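Letter 156 of the sequence shown, counting from 1, is numbered 140 in this note's numbering, and no numbers are missing.
Cβ atoms here follow ideal geometry from the backbone N, Cα and C, with glycine treated the same way.
None of these values were measured; they are calculated from a predicted model.
Beneath this line is the structure, given in structure tokens, with notes to follow.
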Amino acid sequence: MNQSICVYPGSFDPVTLGHLDIIRRACRVFQTVRVAVLDNPEKTKTFSVSERIAMLEKVCASLPNVQIDSFSGLLVDYIRKTGAGIILRGLRSAGDFETEFQMAQMNSQLSDSVESLFMMTSPDHAYISSSIVKQIASFGGDISAFIPASILAEVNKRLDHK
Ligand code: COA
-15 MNQSICVYPG SFDPVTLGHL DIIRRACRVF QTVRVAVLDN PEKTKTFSVS ERIAMLEKVC
45 ASLPNVQIDS FSGLLVDYIR KTGAGIILRG LRSAGDFETE FQMAQMNSQL SDSVESLFMM
105 TSPDHAYISS SIVKQIASFG GDISAFIPAS ILAEVNKRLD HK
């Protein structure tokens, strides 16, 4: 397991400025940041996995140590395959802590060679979630403060006034 490689997993439906903030800061800490989109056929998403990957590639284009990928099944199995030593997650609030605590404990039960690390989401983004941003866009609200500029038109096109 390589402690200089982290996996930042999530749904990214779509990637927000909150996610991007974590990715940028992770780039300063880890040699490689592997952003992994969860491919879960049981959950209906607004954007397909390939669309979510394409958006992440676009917003991370200037970050040379970021790799974008997708995974299905158990996160620890994916981590094992990549050789990464760290699961990175962002924490927005005390509410996130409860879920993250449970996931981290479970992942360490499933694999004793992977470590979960957490970064505090910057206060500017602590109230953002992909669903709330999609809801605002679907009612025609301005989401430019929450979504990276390079994918804003695409996100608006899919959601505007639905
Ligand atoms: N800024 C803004 N928003 C953020 C954020 C940040 N820094 N971090 C998370 N969010 C938001 C997301 O937009 C998302 O919002 P939404 O629910 O409105 O769409 C929400 O927080 C949570 O999403 P995400 O971080 O993508 O987590 P998730 O619950 O969708 O997925 C996995 C978490 C992928 C890590 C987890 O489900 C997993 O590991 N699955 C694989 C199966 C497995 O191994 N299970 C056992 C492990 S316990």
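The beta carbon of C11 sits closer than 6 Å to the beta carbons of V17, L47, N49 from its chain, once the five residues preceding and following it are set aside; these are given in chain order. Across the structure, T105 and V19 are spaced so that their CA atoms are roughly 16 Å apart. Taken atom to atom, the span from the alpha-carbon of S54 to that of S128 is near 26 Å.
Counted as a single uninterrupted DSSP element, the beta strand (DSSP E) harbouring C(-10) occupies residues -14 to -6. Pairing N91 with V60 gives a Cβ-Cβ distance under 9 Å. Taking one beta carbon from each stretch, the segment 28 to 43 and the segment -7 to 8 have 3 or more pairs nearer than 8 Å; the two touch.
Straight-line spacing of the CA atoms in Y62 and V21 works out to 11 Å.
The beta-carbon distance between Q15 and S(-12), rounded to whole angstroms, is 4 Å. This is short enough to meet the 8 Å contact definition. For S100, the secondary structure class from DSSP, reduced to helix, strand or coil, is strand. Going by beta carbons, F102 and L72 fall inside the 9 Å limit.
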